[in-house]
Amino acid sequence: MIPKLRYLLSLAFISIVASAFAEDDANLPKPELTEYYTPVPAVISAPAGSAPSDAIILFNGTDLNSWAPVKAGSKGWVINEGAMTVIPKSGYIQTKAAFGDMQLHLEFREPKAIESKHSQARGNSGVFMMGLYELQVLDSYNNPTYVNGQAASIYKQYPPLVNACRPPEVWQTYDVIFIAPRFAADGSLISPARETVLHNGVLVQYDVVLKGPTEYRGYPKYKAHAAKLPIQLQDHGDKVSFRNIWVREITLPETK
Ligand code: MG
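In the numbering used here, the protein residues as written are 465 to 720.
Spelled out as structure tokens, the structure:
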């Protein structure tokens, strides 16, 4: 083929393709079809290093006004240098307010490792969503245990995706998205609880489906309970500390 003819033919081909595309474009829906403007998301402020403006502060380092001991007659935990620390044998503490679907932030610090203590005996505590579903707090830095009982596990259900533990005496963070289970009026389960967790900013649980309330022995099984219940922190006999605890109640579109 002579070069000029080849050139003309390619021009013709390009022009056919371009006009086909132009025709296609005219047949496409308008971009506006899939754009909407209401409801407008609420405006909040989310300053670096502090709680979002729509968060409920559960502990800011100065008082335990938002918390109550679970055990009758217990004096609860102690505040020291902006942190609250478990007093062994004082029992669990729980929020005075109740929560269902939520985003929870907290920071915890494991006590200095005691070499004679290992596995579940080292720096054990826990965050119980609704007082029933434990996110394990444990010193899992060079401290093997059963994997679905290590730090950031959904205790006895799901091990974390990775072990993101920092050493003892270094502050760590948990950020939790918890969706409460739903029950029908007859007590049957409509939908199980779900949970996503970041440990020190690292994804460790992604939308796991909880099998029921935490059980130490035997398999978990759902039993109907209130839509909102207090958050509990565990006294497992170790001097674990907590600070900077806040929660945001969340309303998912499908639950409106
Ligand atoms: Mg525990």
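Each residue gets a CB set at the ideal place from its N, CA and C atoms; glycine is no exception.
Given the structure is predicted, the values throughout are model-derived calculations rather than measurements.
If you draw a straight line from the alpha carbon of Gly-564 to that of Phe-642, how long is it in whole angstroms? Locating residue 564 in the sequence shown gives position 100, where the first residue counts as 1. Locating residue 642 in the sequence shown gives position 178, where the first residue counts as 1. Their Cα atoms are separated by approximately 8 Å.
May I ask whether a heavy atom of ligand 1 can be found less than 7 Å away from the beta carbon of Ser-530? Position 66 of the sequence shown holds residue 530. It does not: the Cβ of Ser-530 is nowhere closer than 7 Å to a heavy atom of ligand 1.
Rounded to the nearest angstrom, what separates Gly-676 and Ser-652 at their Cα positions? Your numbering for residue 676 matches position 212 in the sequence shown. Your numbering for residue 652 matches position 188 in the sequence shown. Cα to Cα, the separation comes out at about 13 Å.
Nearest-angstrom Cα separation, counted from Ile-521 out to Ala-585: Taking the first residue of the sequence shown as 1, we reach residue 585 at position 121. Taking the first residue of the sequence shown as 1, we reach residue 521 at position 57. Rounded to whole angstroms, Ala-585 to Ile-521 spans 30 Å at the Cα level.
Please report the Cβ distance between Leu-568 and Val-704, rounded to the nearest whole angstrom; I am assuming they are in contact, meaning their Cβ atoms lie under 8 Å. The residue you call residue 568 lines up with position 104 of the sequence shown. The residue you call residue 704 lines up with position 240 of the sequence shown. Not a contact, Cβ separation roughly 16 Å.
Identified DSSP bridge partners for Ile-578: Position 114 of the sequence shown holds residue 578. Its beta-bridge partners do not exist; DSSP assigns none.
To the nearest angstrom, report how far apart Gly-590 and Leu-602 are at their CA atoms. Here residue 590 refers to the residue found at position 126 of the sequence shown. Here residue 602 refers to the residue found at position 138 of the sequence shown. Their Cα atoms are separated by approximately 8 Å.
Please tell me whether, using a cut-off of 7 Å, the distance from the CB of Glu-598 to the nearest non-hydrogen atom of ligand 1 is below it. Position 134 of the sequence shown, counted from the first residue, corresponds to residue 598. For ligand 1, at least one heavy atom lies less than 7 Å from the Cβ of Glu-598.
Considering Phe-563, what are the terminal residues of the beta strand (DSSP E) in which it resides? Taking the first residue of the sequence shown as 1, we reach residue 563 at position 99. Segment: none, Phe-563 is in no beta strand (DSSP E) and carries neither H nor E.
Per-residue burial, Ser-530 [other beta carbons within 10 Å of its own, 16 or more giving buried]: Residue mapping note: residue 530 aligns to position 66 of the sequence shown, counting from 1. The residue in question, Ser-530, is buried, as its Cβ has 16 or more Cβ neighbours within 10 Å.
Roughly how many whole angstroms lie between the Cα atoms of Gln-621 and Glu-545? Here residue 621 is taken as the residue at index 157 of the sequence shown, counted from 1. Here residue 545 is taken as the residue at index 81 of the sequence shown, counted from 1. Their backbone Cα atoms lie some 35 Å apart in a straight line.
In whole angstroms, what is the alpha-carbon distance linking Val-464 and Gly-613? No answer is possible for residue 464: the residues shown for the chain start at 465 and end at 720.
Complete runs of the beta strand (DSSP E) confined to the region 510-542 [at least 3 residues]: 520-523, 531-533
On a Cα-Cα basis, can you pick out the residue from Ala-547, Ala-649, Pro-624 that is closest to Asp-527? For this step, residue 527 is matched to residue 63 along the sequence shown. Out of Ala-547, Ala-649, Pro-624, Ala-547 has the C-alpha closest to the C-alpha of Asp-527.
Using a Cβ-based criterion (distance less than 7 Å to any ligand heavy atom), does Asn-607 qualify as near ligand 1? Here residue 607 is taken as the residue at index 143 of the sequence shown, counted from 1. No.
Would you call Glu-499 buried or exposed, if buried means 16 or more other Cβ atoms sit within 10 Å of its Cβ? In the sequence shown, the residue the question calls residue 499 occupies position 35. Result: exposed.
Once the 5 residues before and after Pro-656 are set aside, which same chain residues still bring their CB inside 6 Å of it? Counting from one through the sequence shown, the residue named residue 656 turns up at place 192. These residues qualify, in order along the chain: Pro-645, Val-673, Leu-674.
Beta carbon of Ser-617: closer than 7 Å to some heavy atom of ligand 1? By one-based count along the sequence shown, residue 617 stands at place 153. Outside the cutoff, so no.
Say yes only if the C-beta of His-725 is nearer than 7 Å to one or more non-hydrogen atoms of ligand 1, and no if none qualify. Limits of the chain in this structure are 465 at one end and 720 at the other, which puts residue 725 out of reach.
Whole-angstrom distance between Val-550 and Asp-722, CA atom to CA atom: One cannot answer for residue 722 here, as it falls past the ends of the chain, which runs 465 to 720.
Note the first and the last residue of the continuous beta strand (DSSP E) segment covering Gln-636. For this step, residue 636 is matched to residue 172 along the sequence shown. Where Gln-636 is concerned, the enclosing beta strand (DSSP E) stretches over 636-643.
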